[in-house]
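These notes concern the structure reproduced below.
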Amino acid sequence: MKKILLLAAVAVMGMSLKAQEFRFGPKAGYSYSTVKLKDNSNSETSDPVHTFYIGGMAEYKISDKFGLQGEVLYSPLGGKLSITESDPDDVNTFLNVKAKQTYHTLLVPISAKYFITEGLSVSAGASFGVILSAKQKLSADLGLGGIIPGFELEGNDERDIKDQMNTLNIAPFLGAEYMLENGLFFDVRYNMGVSNLSKDPVNGEKVTNSFAQIGVGFKFGNN
Numbered sequence: 251m252k253k254i255l256l257l258a259a260v261a262v263m264g265m266s267l268k269a270q271e272f273r274f275g276p277k278a279g280y281s282y283s284t285v286k287l288k289d290n291s292n293s294e295t296s297d298p299v300h301t302f303y304i305g306g307m308a309e310y311k312i313s314d315k316f317g318l319q320g321e322v323l324y325s326p327l328g329g330k331l332s333i334t335e336s337d338p339d340d341v342n343t344f345l346n347v348k349a350k351q352t353y354h355t356l357l358v359p360i361s362a363k364y365f366i367t368e369g370l371s372v373s374a375g376a377s378f379g380v381i382l383s384a385k386q387k388l389s390a391d392l393g394l395g396g397i398i399p400g401f402e403l404e405g406n407d408e409r410d411i412k413d414q415m416n417t418l419n420i421a422p423f424l425g426a427e428y429m430l431e432n433g434l435f436f437d438v439r440y441n442m443g444v445s446n447l448s449k450d451p452v453n454g455e456k457v458t459n460s461f462a463q464i465g466v467g468f469k470f471g472n473n
């Protein structure tokens with residue numbers, strides 16, 4: 251009887267170890283980032299910034315269906331805001347200012363994964379972003395009876411705005427991934443920013459940063 255129980259325990263442990271898989275590797279891809287500004291009266295979503303991300307990931311598969319994943323990524327996120335000033339006496343004269351904000355961000359996404367098949371999985375989690383530095387660059391089109399394209403503001407057209415922002419950007423996300431048998435994988439994810447990045451709001455201002463990611467990577471480890 252003891253031998254049967256021992257054999258059963260060994261078999262269960264073997265199945266458990268087989269189900270537990272650890273993989274790690276690099277990943278990189280494209281990011282589509284926007285900034286949303288909201289106050290007591292209105293809200294505005296910026297034009298997107300087309301940028302990138304790069305870093306690494308580690309995945310621990312608890313069972314055939316469930317796993318956990320952690321990552322460390324770098325991405326220059328942000329958005330492009332438009333500010334238009336017009337002459338009330340001349341509708342053809344205006345100044346259109348573009349303010350591009352760039353947040354150099356270290357991202358630490360943590361997620362739970364559900365494996366629909368061996369290669370296909372969906373995930374949910376949160377990305378904890380630490381803004382390392384933040385810049386705002388201004389450029390303008392000067393309209394004198396129309397737009398003069400390419401007119402650049404001179405002088406201090408780029409400035410540091412890090413002291414105006416909170417450092418932590420938390421963004422819950424949903425995603426999906428498909429991995430080939432050789433370890434190559436492709437994933438897509440949408441991160442919805444919920445943290446207020448405005449450090450000293452006066453009239454209920456809230457600034458959030460949301461971003462979509464499409465990427466590729468490679469997993470090393472037991473398959």
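So the sequence shown is residues 251 to 473, counted in the numbering used here. Every residue, glycine too, gets a C-beta built ideally from N, C-alpha and C.
Taking only the alpha-carbon atoms, compute the straight-line gap between residue i and residue j and give it to the nearest angstrom.
i	j	result
residue 370	residue 355	29 Å
residue 285	residue 444	11 Å
residue 397	residue 347	Low confidence applies here, because residue 397 scores a pLDDT of 45, under 50, leaving its location unreliable; read the following figure in that light. Going from the Cα of residue 397 to the Cα of residue 347 covers about 12 Å.
residue 467	residue 455	38 Å
residue 350	residue 329	6 Å
residue 324	residue 292	32 Å
residue 428	residue 452	45 Å
residue 446	residue 276	30 Å
residue 294	residue 423	22 Å
residue 306	residue 437	13 Å
residue 471	residue 372	20 Å
residue 311	residue 302	27 Å
residue 274	residue 408	39 Å
residue 463	residue 418	19 Å
residue 469	residue 271	11 Å
residue 450	residue 416	9 Å
Looking at C-alpha atoms only, which residue of the options is the closest neighbour of residue i?
i	options	result
residue 281	359, 272, 300	300
residue 440	450, 465, 455, 430	465
residue 327	368, 382, 407	382
residue 414	424, 386, 438, 304	386
residue 475	421, 372, 351	The displayed coordinates of the chain run from 251 to 473. Any statement about residue 475 would go beyond what the structure contains.
residue 474	459, 409, 410	Nothing about residue 474 can be reported from this structure: the residues present for the chain run from 251 to 473 only.
residue 375	389, 426, 410	426
residue 289	417, 419, 463, 457	457
residue 388	410, 368, 367	410
If you follow the beta strand (DSSP E) that residue i is in, where does it begin and where does it stop?
i	result
residue 307	299-311
residue 431	Per DSSP, residue 431 belongs to no beta strand (DSSP E) and is neither H nor E.
residue 410	408-410
residue 279	271-288
residue 295	293-295
In chain order, what are the residue ranges of uninterrupted beta strand (DSSP E) at least 3 long that sit wholly in the region 433-472? For the region 433-472, whole beta strand (DSSP E) runs of length 3 or above, ordered along the chain, are 434-441, 456-468.
Is it true that the region 357-371 meets the region 312-326, where meeting means three or more beta-carbon pairs spaced less than 8 Å apart? These segments touch.
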